Amino acid sequence: MTPVRTVKRVAGFGLVSLLAAASASAQAWAPPAGQGAFTVAFQAIDNTGHILTDGSTVPGGKSQDASIYLEFEYAITDRWSLSTSIPYVFAKFSGPPLPNVPLQPGDACQCWQHGWQDFGVTARYNLLNGGTALTPSVAFGVPSHEYGYVGEAVLGRRLRELRLGIDVGTYLDAISPRLAVQGRYAYALVERVLDVSTNRSNLSADVIVRLTESLSVQGSVYRQITHGGLRAGTEPPPPPDGIPWGEVTTPELLHEHDRLLRDNSWQLGAGLSYSLPRADLFVSYIEFLSGSDTHAGRAFTVGVAVPFERSQP
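Quick note on the numbering used here: the sequence shown kicks off at 538 and runs consecutively.
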């Protein structure tokens, strides 16, 4: 097993469709030309409440989300690789509702809503691929159809995105040949709604330890910063109609607030990866640590990546 292959098999921990912004292909090391992988992953997210602008938590508005994530990646050359992805999402509101926020029809039944979410395409170009790796990327996200986005039990935000990212990683041979670290930064240009910008930065840092030739562990930290958006304030929405609620000051903004809030967050994750002769298995757990105008909760991911190789002429 080569070191590059080891890191690639671990890199997908926790990056499946969380906040609809990440991809299992986000990694510093690139596969050789003609190699690829098909990934299937399942993720369950337990949203245990809402975090207000001051960081305090309101237990209302709980929901559950689950997704089946499909991704196909192929290395065209030793530097260029392309991937496509789409998740099938399930969402259910479990209550209780936030005070004075109108309960949407999809939430009122407390039943599962489901459907395809956003189609993604990512192109990566590897600049360095040795002991240290450096890989810029560009990704597009487009809603697969006009799904509902208002409420808690929704498939996503239904917004187009352009994401510019860069991954860097290095092996810490001076400490141990089994140890590597990698980091990622991505800036997302997000479709505006009511002339409100919700462009954001997503950052992650990973420590990867190869315990055996087949088993690896990973610890990760994730950070999201929204550049713009609306602050909801430090109290639940006021009676009788829920406005003004922080910077949500009109009925139109209240209707759109689920995808317009200034969602900032920290998450901490851990995972395991095990390589079989013809497949790579991975599992991860992410805890939502803190934030503002976001959800509290946790996420669990399990999946399999099946590598393949096309013979080169």
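Note that the Cβ used here is the ideal one computed from N, Cα and C, for glycine as well.
Source: prediction; values computed, not measured.
Residue i and residue j closer than 7 Å at C-beta
i      : j      : result
Gly643 : Gln654 : no
Asp778 : Arg799 : no
Arg700 : Ala725 : yes
Val705 : Gly720 : yes
Gly702 : Ala723 : yes
Gly828 : Asn801 : yes
Glu689 : Gly598 : yes
Ile582 : Ala836 : yes
Classification of residue i by the beta-carbon crowding that lies within 10 angstroms, buried from 16 upward
i      : result
Arg815 : exposed
His794 : buried
Ala711 : exposed
Phe825 : buried
Thr614 : exposed
Gly592 : exposed
Pro714 : exposed
Phe630 : buried
Pro776 : exposed
Simplified DSSP assignment, three categories, for residue i
i      : result
Glu750 : coil
Ala816 : coil
Ala645 : helix
Arg796 : helix
Ala846 : The residue asked about is misnamed: residue 846 is Glu in this sequence, not Ala. It is a strand residue.
Glu728 : coil
Glu789 : helix
Asn637 : coil
Ser829 : strand
Ser734 : coil
Gln654 : coil
Ranges of the beta strand (DSSP E) found wholly within the segment 594-635, counting only runs of at least 3: 600-612, 617-630
The segment 807-825 in contact with the segment 772-792 per 3-pair CB rule at 8 Å: no
Segment contact, 8 Å Cβ cut-off, at least three pairs: the segment 567-576 with the segment 602-622: yes
The segment 725-735 contacting the segment 762-781, beta-carbon criterion three pairs below 8 Å: yes
Meets three-Cβ-pair contact criterion under 8 Å: the segment 678-685 and the segment 662-670: no
Length-filtered (3 minimum) beta strand (DSSP E) runs lying within the segment 657-717: Those beta strand (DSSP E) runs which fall completely within the segment 657-717 and span 3+ residues are 669-680, 698-708.
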